[in-house]
Amino acid sequence: MAVQAAHLDSDAFLVCLNHALSTEKEEVMGLCIGQVDTCRIVHIHSVIILRRSDKRKDRVEISPEQLSAASTEAEISFI
1315 MAVQAAHLDS DAFLVCLNHA LSTEKEEVMG LCIGQVDTCR IVHIHSVIIL
1365 RRSDKRKDRV EISPEQLSAA STEAEISFI
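As structure tokens, this is what we get:
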């Protein structure tokens, strides 16, 4: 499904910006947590920062355990 727009809360934006600037010479990874409304607009309200399991600058890999924990945290945020 294609979305029409994405709205990023200011707190989530600042987390993304800080994460990107703190590791400016390396790739970064995180999960955006939010919802898609009936008009196909994504509303992102939080971000989960993930640690890299591969230390090479041009690689971003995360552990399955970290992904599972982030998925659980995202599900809890919707309850």
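Numbering (the numbering used here), first residue to last: 1315 to 1393. The C-beta atom is built at its ideal place from N, Cα and C for all residues, glycine as well. Computed from a prediction, not measured in an experiment: that's the story for all the values here.
- A1320 is positioned such that its CB atom lies closer than 8 Å to that of I1358.
- Bounds of the alpha helix (DSSP H) holding A1334 are 1324 to 1336.
- For L1381, the secondary structure class from DSSP, reduced to helix, strand or coil, is helix.
- Sorting D1323, L1335, Q1349 by C-alpha distance to the C-alpha of M1343 places L1335 at the top.
- For the options T1352, V1356, E1379, the alpha carbon positioned closest to that of R1365 is the one of E1379.
- When only Cα atoms are considered, K1371 and E1341 end up about 6 Å apart.
- Scanning its chain for C-beta atoms nearer than 7 Å, with the 5 sequence neighbours on each side dropped, one finds around L1322 the residues I1358, in chain order.
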